[in-house]
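Q:
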Amino acid sequence: MNDRMTTSVIDRYHRWFEYEKDSHAKTLDSLSAVTGELRQSEQFRKAVYLMGHIIAARRMWLFRFGGVKENAELFPRETSFDDLPVQLAEVEKLWSEYLGQLNDTELARVFDYQSYEGPRFRNTVEDILTQLFGHSWYHRGQIAMLLRSIGAEPAVTDLVFWTREPVAEK
Numbered sequence: 245m246n247d248r249m250t251t252s253v254i255d256r257y258h259r260w261f262e263y264e265k266d267s268h269a270k271t272l273d274s275l276s277a278v279t280g281e282l283r284q285s286e287q288f289r290k291a292v293y294l295m296g297h298i299i300a301a302r303r304m305w306l307f308r309f310g311g312v313k314e315n316a317e318l319f320p321r322e323t324s325f326d327d328l329p330v331q332l333a334e335v336e337k338l339w340s341e342y343l344g345q346l347n348d349t350e351l352a353r354v355f356d357y358q359s360y361e362g363p364r365f366r367n368t369v370e371d372i373l374t375q376l377f378g379h380s381w382y383h384r385g386q387i388a389m390l391l392r393s394i395g396a397e398p399a400v401t402d403l404v405f406w407t408r409e410p411v412a413e414k
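All you need for this note's numbering is the position in the sequence shown, starting with 1, plus 244.
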């Protein structure tokens, strides 16, 4: 039987996080490959902004989980491409630490938080972990579209490309 089919839910989130780290690195590489005046385009600036937003959302949820003391501006206005690699490395380190202590109790934990709009809400940690992966997929797709619109080559970050295994010809 395939080991992927017998993994725990927690193992699945660890695996997804590894996929996310790889996809975010590839996305940063594709942004880095944009040169010259294309970096001055509105589309490039929007792509950088979206990557900054992905990072900020990850930090915000760690704050709401109680994993960090400082909240993040969810929609950072002044996102510099040069700052993204450091910000991403920092948030990935924090997430590795958080996921390292993840257990069934934490996964099922219900927590309250205040939205940026003001009202309070309640979710499980598992709800939010699932949301975060969907959120990143969505925005990486937008980044890919923006890069393609200026003639740049976006990263290939589909899960199937990360998980596929070659089969030898018979």
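Even for Gly, the Cβ is constructed at its ideal location relative to N, Cα and C.
All values reported here derive from a predicted model rather than from experimental measurement.
1. Between E370 and the rest of its own chain, which residues show a CB-CB distance below 6 Å, the 5 nearest in sequence each way excluded?
2. Assign T323 to one of two classes, buried (16 or more other C-beta atoms within 10 Å of its C-beta) or exposed (fewer than that).
3. Which of the three DSSP states, helix, strand or coil, is assigned to T368?
4. Quick check on F355: does DSSP put it in helix, strand or coil?
5. For G310 and G296, I'd like the C-alpha separation in whole angstroms.
6. The alpha helix (DSSP H) that contains D402, what's its start and end?
7. Check this for me: beta carbons of E264 and F377, under 8 Å apart or not?
8. For I298, collect the residues of the same chain with a Cβ closer than 6 Å to its Cβ; drop the 5 residues on either side in sequence, then sort them by chain order.
9. Contact check, A291 vs L403 under 8 Å by CB: the rounded distance?
10. How do the stretch 338-349 and the stretch 266-276 stand: do at least 3 beta-carbon pairs fall below 8 Å, yes or no?
11. From this set, V400, N315, Y293, H268, which residue's C-alpha is nearest S359's C-alpha?
12. Could you tell me the distance, in whole angstroms, from the CA atom of G362 to the CA atom of E409?
13. With burial defined as no fewer than 16 other Cβ atoms inside 10 Å of the residue's Cβ, what is the status of Q288: buried or exposed?
A: With the structure as the only source:
1. As a working note, residue 370 is residue 126 in the sequence shown. Cβ within range, chain order: L351.
2. Taking the sequence shown and counting its residues from 1, one reaches residue 323 at position 79. Buried is the call here.
3. By 1-based counting over the sequence shown, the position of residue 368 is 124. Strand.
4. Counting from one through the sequence shown, the residue named residue 355 turns up at place 111. Note: F355 maps to strand in three-state DSSP.
5. Within the sequence shown, residue 310 is the residue found at index 66, counting from 1. Within the sequence shown, residue 296 is the residue found at index 52, counting from 1. The alpha-carbon atoms of G310 and G296 are separated by roughly 21 Å.
6. Numbered from 1 along the sequence shown, position 158 holds the residue referred to as residue 402. Premise fails: D402 is in no alpha helix (DSSP H) and is neither H nor E.
7. One-based indexing of the sequence shown puts residue 264 at position 20. One-based indexing of the sequence shown puts residue 377 at position 133. Their beta carbons are under 8 Å apart, which means E264 touches F377 by this criterion.
8. Here residue 298 refers to the residue found at position 54 of the sequence shown. Closer than 6 Å at the Cβ level, and outside the excluded window around I298, lie S380, H383.
9. By one-based count along the sequence shown, residue 291 stands at place 47. By one-based count along the sequence shown, residue 403 stands at place 159. Their Cβ separation, rounded to whole angstroms, is 21 Å, which puts A291 and L403 out of contact at 8 Å.
10. no
11. What you label residue 359 is simply residue 115 of the sequence shown in a count that begins at 1. Looking at the Cα atoms, N315 is the closest of the given residues.
12. For the purposes of this step, residue 362 is taken as the residue at position 118 of the sequence shown. For the purposes of this step, residue 409 is taken as the residue at position 165 of the sequence shown. Using only the alpha carbons, I get a separation of about 46 Å.
13. Sequence index remark: in the sequence shown, residue 288 carries index 44 (1-based). The sequence given here places Phe at residue 288; Gln does not occur at that position. Buried.
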